[in-house]
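Numbering (the working numbering), first residue to last: 60 to 460.
No residue lacks a Cβ here, since even glycine has one placed at the ideal position from N, Cα and C.
Given below as structure tokens:
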């Protein structure tokens, strides 16, 4: 009787394991299928802008038509960057040719001194091209872009200035948490040309932001405005979130990613601790859903009926994968499990578009700027970029193990 019970238990375990295998496919399979579908989808997206000179995909308009932009908009580098990532995955020569052509559409942004997002524009495009092809013509572009970004630095404040558009003039010297992402360009440019000042600007910006942008629970404000003469903080607010004291989810994602990147580039443990603290805020937040796709703002009172933001989840997933490589095994397991859950959720039918739909973007349900009723519950080009990056990073991690 005892042997029969043991046999039955073993059979039960095997059956359960088999059911789990077929119902919940291995993450490797999920990523492989999602990347393959992404290649097909982006070939279609390319065709939609191929013959429109200087035009790049951005999102989808309220009427369901494609929303595009020129090279001067902050998201202009993400399409070519995504194509480079998909070329890295597929080794598809057609994808490479597409990436080359779209990258050239942002080349003039290397001289743009009026936009702090030149890091997104050039690092995602030319940075990935250089990494994958070693084409030395990219070096000059990356260095020029780094120098252009450095012109927005003010030593008194310790940060590069973010916005310069008319709507931002209510602040003396606005710095947004998003700007942490552009520091990677400064560091790459510094390494390529040997200009230590570019590296020092990146470090100064990261240190000043760490000091002034975060609350005691390690959530961050979106905007900190400084007195341009004294360098003192004049205002803290959250322009794109629910209110000034709320935790706008993509802002938390920018901070998580930014400080993880800064630790990678500097090995300063202060940045690693900050990244871990931001991660803890996200993962212990009572309003983080089970599928790990955050609401657009962690403090929206309409939760659980508030909108989700696929872009925040994609950025977080990519950051969590990288952060897992810098921490002890217990934390690494926690971060990887979260990233895997986010990737699975984003690759599901809830967020992953059917080929040929969604104006040929990969992910659905992004939230750009809800308080301004701009890009609400639509695909976002940068959500696709960081989703592809997250999957490739996870894939690389699996291969290493």
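| said: Just to confirm before moving on: does the CB-CB distance between residue 125 and residue 108 stay below 9 Å? | reply: yes
| field | Run of the alpha helix (DSSP H) containing residue 425, from where it starts to where it stops | value | First-last for residue 425: 425-428, but that is the beta strand (DSSP E), not the alpha helix (DSSP H).
| said: Give me the DSSP bridge partner(s) of residue 235. | reply: DSSP lists 282 as the beta-bridge partner residues of residue 235.
| task | Spell out the partners DSSP gives residue 471 in its beta bridges. | result | Any question about residue 471 goes unanswered here, given that the chain covers just 60 to 460.
| field | residue 239 to residue 134 span [Cα, whole Å] | value | 15 Å
| said: Measuring only the C-alpha atoms, how far is residue 413 from residue 102? | reply: Each residue's alpha carbon lies about 14 Å from the other.
| query | When the Cα atoms are used, what is the spatial distance from residue 426 to residue 257? | reply | 33 Å
| If you count every other CB in all the chains shown that lies within 10 Å of the CB of residue 360, and 16 or more means buried, which is it? | exposed
| field | Integer Cβ distance of residue 317 from residue 242, believed to fall under 8 Å | value | 7 Å
| field | residue 233 beta carbon less than 9 Å from that of residue 278 | value | no
| task | Measure the alpha-carbon distance for residue 172 versus residue 203 and round it to whole angstroms. | result | 10 Å
| task | State the DSSP-derived secondary structure class of residue 165, mapped to helix, strand or coil. | result | coil
| Since residue 342 contacts residue 393 with CB under 8 Å, what's their CB separation in whole angstroms? | 7 Å
| query | With DSSP run on the structure shown, which of helix, strand or coil describes residue 379? | reply | helix
| task | Could you work out which residue in 457, 447, 454 and 459 is closest to residue 187 when comparing CA atoms only? | result | Residue 447 holds the alpha-carbon nearest to the alpha-carbon of residue 187 among 457, 447, 454 and 459.
| field | Extent of the continuous alpha helix (DSSP H) run through residue 452 | value | 440-459 is the span of the alpha helix (DSSP H), which, as asked, contains residue 452.
| query | With a Cβ-Cβ cutoff of 9 Å, do residue 251 and residue 261 count as a contact? | reply | no
| message | Quick check on residue 351: buried or exposed, where buried means 16 or more other Cβ atoms within 10 Å of its Cβ? | response | With 16 or more neighbouring CB atoms inside 10 Å of its own CB, residue 351 falls in the buried class.
| Quick one: what's got a C-beta closer than 7 Å to residue 292's C-beta in the same chain, skipping five residues either side? | 271, 283 and 285
| task | In angstroms with no decimal places, state the Cα-to-Cα distance between residue 163 and residue 192. | result | Spanning the two alpha carbons is a distance of roughly 15 Å.
| query | Does the distance from the CB of residue 321 to the CB of residue 265 come in under 9 Å? | reply | yes
| Hey, would you say residue 144 sits closer than 9 Å to residue 331, going by beta carbons? | Against a cut-off of 9 Å, the Cβ pair of residue 331 and residue 144 comes out as no contact.
| said: Judging by CA-CA distance, which residue of 366, 398, 365 and 367 is the nearest neighbour of residue 378? | reply: Comparing Cα positions, the closest option is 398.
| Hey, how far is the Cα of residue 80 from the Cα of residue 346? | Since pLDDT at residue 80 reaches only 47, below the 50 mark, its modelled position is unreliable, and the value read off the structure follows with that caveat. Rounded to the nearest whole angstrom, the CA to CA distance from residue 80 to residue 346 is 30 Å.
| task | Mark residue 199 as exposed unless 16 or more other C-beta atoms lie within 10 angstroms of its C-beta, in which case mark it buried. | result | exposed
| request: Please go through the same chain and pick out, in chain order, the residues whose beta-carbon is closer than 6 Å to the beta-carbon of residue 324, but skip the five residues on each side of it. | output: 246
| task | Please go through the same chain and pick out, in chain order, the residues whose beta-carbon is closer than 6 Å to the beta-carbon of residue 132, but skip the five residues on each side of it. | result | none
| request: Please name the residue in 408, 201, 364 and 333 whose C-alpha comes closest to that of residue 254. | output: Closest in C-alpha terms to residue 254, from the list 408, 201, 364 and 333, comes 201.
| query | So, are the CB atoms of residue 116 and residue 418 less than 9 Å apart? | reply | yes
| task | Starting from residue 295, follow the beta strand (DSSP E) in both directions and report where the run begins and ends. | result | 292-296
| Relative to the C-alpha of residue 358, which residue among 375, 307 and 441 is closest? | 307
| task | Please check the pair residue 118 and residue 430, which I expect to be a contact at CB under 8 Å, by giving their CB distance rounded to whole angstroms. | result | Rounded, the Cβ-Cβ distance is 17 Å, inconsistent with contact.
| task | Pull up the DSSP beta-bridge partners for residue 340, would you. | result | The partner list for residue 340 (beta bridge, DSSP) is empty, contrary to what the question assumes.
| Whole-angstrom C-beta distance between residue 148 and residue 94, which should lie under 8 Å | 5 Å
| request: For residue 197, collect the residues of the same chain with a Cβ closer than 6 Å to its Cβ; drop the 5 residues on either side in sequence, then sort them by chain order. | output: Only 185, 188 and 189 meet the Cβ criterion.
| If you count every other CB in all the chains shown that lies within 10 Å of the CB of residue 288, and 16 or more means buried, which is it? | exposed
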